[in-house]
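Report on one structure; see the data block that follows.
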Amino acid sequence: MENLKKKFAGKQAFINLAIIVLTYVLLTVLMSAGLLNRQYTSLLVPIAINVILAVSLNLITGFLGELSLGHAGFMSIGAYVGALITINMDAPEIVELTLALLAGGAVAAFFGFVIGMPVLRLNGDYLAIVTLGFGEIIKSVLISMKITNGAKGLQRIPLYTTYKSYTLVFILMVISILAIMNIVKSRHGRAICSIRDNSIATQSIGINVSRFKVMTFVISAFFAGIAGVLYAHNVGILKPTTFDYNKSIEILVIVVLGGMGSIRGSVIAAIILTALPELLRGADDFRMLLYAVVLIIIMLFNHSKIKEGLLNNNIFGKLFKSNEEKVGE
Amino acid sequence: MFNNILEQLINGLRTGSIYALIALGYTMVYGIAKMINFAHGDIIMVGAYALYVAIVLLHLPVIPAIIFTCVVCSVLGILIERIAYKPLRNAPRLAVLITAIGVSYFLQSASLLIFKATPIPFQSIINIQSINIGGVTISGITIVTLVVTTISMIALTLFINKTKAGSAMRAVSEDMGAAQLVGINVNRTITLTFAIGSFLAAVAGILYICQYQSLKPTMGALPGIKAFVAAVLGGIGSIPGAMLGGIILGIIESLSKAFISTELSDAIVFSVLVIVLLVKPSGFLGKKKNEKV
Chain A
78 MENLKKKFAG KQAFINLAII VLTYVLLTVL MSAGLLNRQY TSLLVPIAIN VILAVSLNLI
138 TGFLGELSLG HAGFMSIGAY VGALITINMD APEIVELTLA LLAGGAVAAF FGFVIGMPVL
198 RLNGDYLAIV TLGFGEIIKS VLISMKITNG AKGLQRIPLY TTYKSYTLVF ILMVISILAI
258 MNIVKSRHGR AICSIRDNSI ATQSIGINVS RFKVMTFVIS AFFAGIAGVL YAHNVGILKP
318 TTFDYNKSIE ILVIVVLGGM GSIRGSVIAA IILTALPELL RGADDFRMLL YAVVLIIIML
378 FNHSKIKEGL LNNNIFGKLF KSNEEKVGE
Chain B
1203 MFNNILEQLI NGLRTGSIYA LIALGYTMVY GIAKMINFAH GDIIMVGAYA LYVAIVLLHL
1263 PVIPAIIFTC VVCSVLGILI ERIAYKPLRN APRLAVLITA IGVSYFLQSA SLLIFKATPI
1323 PFQSIINIQS INIGGVTISG ITIVTLVVTT ISMIALTLFI NKTKAGSAMR AVSEDMGAAQ
1383 LVGINVNRTI TLTFAIGSFL AAVAGILYIC QYQSLKPTMG ALPGIKAFVA AVLGGIGSIP
1443 GAMLGGIILG IIESLSKAFI STELSDAIVF SVLVIVLLVK PSGFLGKKKN EKV
């Protein structure tokens, strides 16, 4: 039995590896053949950024079972730290970018720790509000500080992560996904999931709930920070208002649409939700409305009789069953 | 200097009483349905736009316009409860919370589509001369705000404590199952709570718009969140707590705006929330609840 499980895990890893390599090869072939026009190539990096953001938020929302509405805040910290480093430094591109990524991630992780501390005492609704307030605090501090150039924001950030360096961004995205997947599968990850399922029971079997909650926030913030650095060097301009409440909601929509607690779902949803608005340019005004409706309908559907009926149905039941086990209460 | 502080305190009282009105909606809904109605702040926005539509587009006189606004908001509150929250009454809290955020987002983007993002200027409907007491000027809008909020709060307290529907509300918030057993119509009581909360939000929206005189689709978000902070500060679920919390928050905000920094005042308000939650999560007047296994 044990052997079989290992074999299965090995097979899973092989499939994942195959998907990653295939995607990369496909991208490279398409790029070098010139089949992708400017509109599509400019989407590559934003997709990767949203994948990282969604997967890292999924760690908090899907696996820890807490709602974080300040993810854009972590992202903005990473973006500003990274941008300030590359603007003020005079070193080769690769050195600057590596340093920016590490520092951006680390500072965001530090703030994840800071925001994780109140989490020790809070859960559910209160936690959501604190993270929301935290995002607002960061925004107003960014506006009032001199070094971030206030409301005007930072300009002329070197463009290190445009579509030309998609290999680097792709590798970073894969590393983030694999890292979070492995955390979830590890002993720590099981502890995190058990906190989601029943925090009192978890506490009673000797798992330090607060420690794991803070840890989850730190890890998630780290990856959000990295996504922020990538964003800053992709767009070239930073404004505090970019990272408002709406940005956090956008990431949340990706996570909810992909399925809370499903990393593969987050990746797919991130790709769809980043590409779709670009392809449907004309309907841009309706995008926000659509997001809101999607959020409400998915929540209502998940807890409706229709879904129950589908699950009990033979054909649909098999399709959904595998996902269903992962989704938490 | 002394006059300046006094004036800031009165300003704080004015903003604070608006926060208190909004916070009452949060706290009542939380007490009964055990959920944060994230869309509550956006009901203020809808109220402000409804007033704009009634006065500027439909040319209604002031009193019918106010009634129109209150009716629109109350009906909207009931609709939101019926469509989005009622099917999820036994769902996990995370699901309800995400739905509430969805509703809030829906209202914002719908009004963005209808009224566009450019702020619309709006003339205040309250035209009362400011008065001067011993060198301290109190504007007309401040007087009206204070009078209206005081009346609303007294009326609400009387309603909750003296009427049959009020006792039903208290019973449902105490124990929903037991309330159902003694023959209280729980669904109707929850609907009533949403209607009253949204009505208060409409009043707050009217006062708010007379003070800031500019309409935009996201205008409800910030006062909504701050009012929630006020509700938590006073102890969520407690009606006197919401009034107290709102006024304290308004005064903190106005003093930090005047004497510390305008840009950082929001940050200070949210820091207050974090500190309160760290030190006394149940707020000033809230009850401490132990988690049952």
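Sequence lines, in order, name chains A and B.
Each number in this note's numbering comes from the position in the first sequence (counting from 1) with 77 added on.
Each number in this note's numbering comes from the position in the second sequence (counting from 1) with 1202 added on.
Yeah, the Cβ is synthetic: ideal placement off N, Cα and C, and Gly gets one too.
With 7 Å set as the bound, which would you pick, yes or no: does the beta-carbon of residue i sit closer than that to a beta-carbon of chain A?
i, result
"glycine 1279 (chain B)", "no"
"leucine 1296 (chain B)", "yes"
"glutamate 1465 (chain B)", "yes"
"alanine 1429 (chain B)", "no"
"threonine 1301 (chain B)", "yes"
"phenylalanine 1472 (chain B)", "yes"
"glycine 1488 (chain B)", "no"
"glycine 1399 (chain B)", "no"
"alanine 1286 (chain B)", "yes"
"valine 1476 (chain B)", "yes"
"leucine 1479 (chain B)", "yes"
"aspartate 1377 (chain B)", "no"
"glycine 1304 (chain B)", "yes"
"leucine 1348 (chain B)", "no"
The alpha helix (DSSP H) spanning residue i covers which residue range?
i, result
"asparagine 1539 (chain B)", "Given a span of 1203 to 1495 for chain B in the structure shown, any question on residue 1539 (chain B) remains unanswerable."
"methionine 1230 (chain B)", "1204–1235"
"isoleucine 257 (chain A)", "243–262"
"lysine 1288 (chain B)", "Run containing lysine 1288 (chain B): none; DSSP gives neither H nor E here."
"tyrosine 240 (chain A)", "No alpha helix (DSSP H) holds tyrosine 240 (chain A); DSSP gives it neither H nor E."
"histidine 310 (chain A)", "286–312"
"isoleucine 154 (chain A)", "148–165"
"arginine 115 (chain A)", "115–135"
"glutamate 1529 (chain B)", "The question about residue 1529 (chain B) has no answer here: the residues shown for chain B are numbered 1203 through 1495."
"asparagine 1389 (chain B)", "1388–1414"
"valine 1434 (chain B)", "1423–1436"
"glutamine 232 (chain A)", "No alpha helix (DSSP H) contains glutamine 232 (chain A), which DSSP labels as neither H nor E."
Hey, would you say residue i sits closer than 7 Å to residue j, going by beta carbons?
i, j, result
"aspartate 362 (chain A)", "leucine 1223 (chain B)", "no"
"alanine 369 (chain A)", "phenylalanine 1317 (chain B)", "no"
"leucine 1417 (chain B)", "phenylalanine 1324 (chain B)", "yes"
"valine 286 (chain A)", "glycine 193 (chain A)", "no"
"valine 1380 (chain B)", "isoleucine 1280 (chain B)", "The sequence shown places alanine at residue 1380 (chain B), rather than the valine named in the question. No."
"leucine 146 (chain A)", "leucine 204 (chain A)", "no"
"serine 1326 (chain B)", "glutamine 1415 (chain B)", "yes"
"valine 132 (chain A)", "isoleucine 257 (chain A)", "yes"
"isoleucine 1234 (chain B)", "serine 1375 (chain B)", "yes"
"isoleucine 328 (chain A)", "leucine 99 (chain A)", "no"
"asparagine 1311 (chain B)", "aspartate 1244 (chain B)", "Asparagine is not the amino acid found at residue 1311 (chain B); the sequence shown has serine there. Contact flag unset, no."
"leucine 315 (chain A)", "glycine 182 (chain A)", "no"
"glycine 1227 (chain B)", "leucine 1402 (chain B)", "yes"
"isoleucine 220 (chain A)", "glutamate 1283 (chain B)", "no"
"leucine 236 (chain A)", "glycine 313 (chain A)", "yes"
"aspartate 1468 (chain B)", "glutamate 213 (chain A)", "yes"
"methionine 1230 (chain B)", "threonine 1420 (chain B)", "no"
"alanine 180 (chain A)", "isoleucine 162 (chain A)", "yes"
"glycine 1452 (chain B)", "glycine 1214 (chain B)", "yes"
Mind checking which residues open and close the beta strand (DSSP E) that includes residue i?
i, result
"isoleucine 1339 (chain B)", "For clarity, residue 1339 (chain B) is threonine in the given sequence; the question names isoleucine instead. Note, threonine 1339 (chain B): beta strand (DSSP E), 1338–1340."
Counting only beta-carbon separations shorter than 7 Å, does residue i have a partner in chain B?
i, result
"valine 404 (chain A)", "Confidence in valine 404 (chain A) is poor, its pLDDT being 44 and thus under 50, which makes the residue's placement unreliable; the coordinate value appears in the next sentence. With 7 Å as the cut-off, valine 404 (chain A) does not count as an interface residue toward chain B."
"leucine 19 (chain A)", "This structure cannot settle anything about residue 19 (chain A), because the visible part of chain A is limited to 78 through 406."
"alanine 185 (chain A)", "no"
"isoleucine 137 (chain A)", "no"
"proline 429 (chain A)", "Residue 429 (chain A) cannot be examined here, being either before or after the span of chain A that is shown, 78 to 406."
"alanine 268 (chain A)", "no"
"alanine 369 (chain A)", "yes"
"proline 195 (chain A)", "yes"
"aspartate 362 (chain A)", "yes"
message: Against chain B, which members of the region 198–222 of chain A pass a CB distance test of less than 8 Å?
response: Listed by position along the chain: Arg198, Leu199, Gly201, Asp202, Tyr203, Ala205, Ile206, Val207, Leu209, Gly210, Phe211, Glu213, Ile214, Ser217, Val218, Ile220 and Ser221.
Residues of the region 145–171 of chain A whose Cβ lies closer than 7 Å to any Cβ of chain B, in chain order: Taking 7 Å as the cut-off between beta carbons, none of the residues of the region 145–171 of chain A comes near chain B.
To be precise: take each residue of the region 372–393 of chain A, compare its Cβ to all Cβ atoms of chain B, and keep it if any distance is under 8 Å. Which residues remain? Residues Leu372, Ile373, Met376, Leu377, Asn379, His380 and Ser381.
* Asked: Mind listing which residues of the region 1308–1338 of chain B have their C-beta closer than 9 Å to chain A's C-betas, in chain order?
  -> Those residues of the region 1308–1338 of chain B that come within reach of chain A (Cβ to Cβ, closer than 9 Å) are Phe1308, Leu1309, Gln1310, Ser1311, Ala1312, Leu1314 and Leu1315.
Notebook entry, point to check: Between the region 276–310 of chain A and chain B, which residues of the former have CB atoms less than 9 Å from a CB of the latter, in chain order?
Noted result: Answer set for the region 276–310 of chain A: Ser276, Ile277, Ala278 and Ser281.
**Message:** Quick check on the DSSP output: what are the complete alpha helix (DSSP H) runs of length 4 or more inside the region 333–367 of chain A, in order along the chain?
**Reply:** As far as the region 333–367 of chain A is concerned, its whole alpha helix (DSSP H) runs of at least 4 residues are 340–356.
**Message:** Quick check for students: name the residue ranges of the alpha helix (DSSP H) that lie wholly in the region 1317–1382 of chain B, counting only runs of 4 or more.
**Reply:** If we require 4 residues or more, the alpha helix (DSSP H) runs fully inside the region 1317–1382 of chain B come out as 1342–1364 and 1366–1376.
*What residues from the region 1404–1426 of chain B come within 9 Å of chain A, judged by C-beta to C-beta, listed N to C?*
Cβ contacts with chain A come from Thr1420, Ala1423 and Leu1424.
So if I threshold CB-CB distances at 7 Å, which residues from the region 1216–1246 of chain B count as touching chain A?
Answer in chain order: Ile1238.
Requested in this report: Check each residue of the region 1243–1271 of chain B: if its Cβ is closer than 8 Å to any Cβ of chain A, include it; give the result in chain order.
Outcome: Cβ contacts with chain A: none found.
Legend entry - Within 7 Å of chain A by C-beta, residues of the region 1447–1460 of chain B in sequence order: Going along the region 1447–1460 of chain B in chain order, one finds no residue with a Cβ nearer than 7 Å to chain A.
- Closer than 9 Å, Cβ to any Cβ of chain B: which residues of the region 323–335 of chain A, in chain order? Against chain B - using a Cβ distance shorter than 9 Å - the residues of the region 323–335 of chain A are Asn323, Ile326, Leu329, Val330 and Val333.
Review point. Using Cβ-Cβ distances below 8 Å, what residues of the region 1432–1444 of chain B are close to chain A?
Key: Cβ proximity to chain A below 8 Å picks out Val1434 from the region 1432–1444 of chain B.
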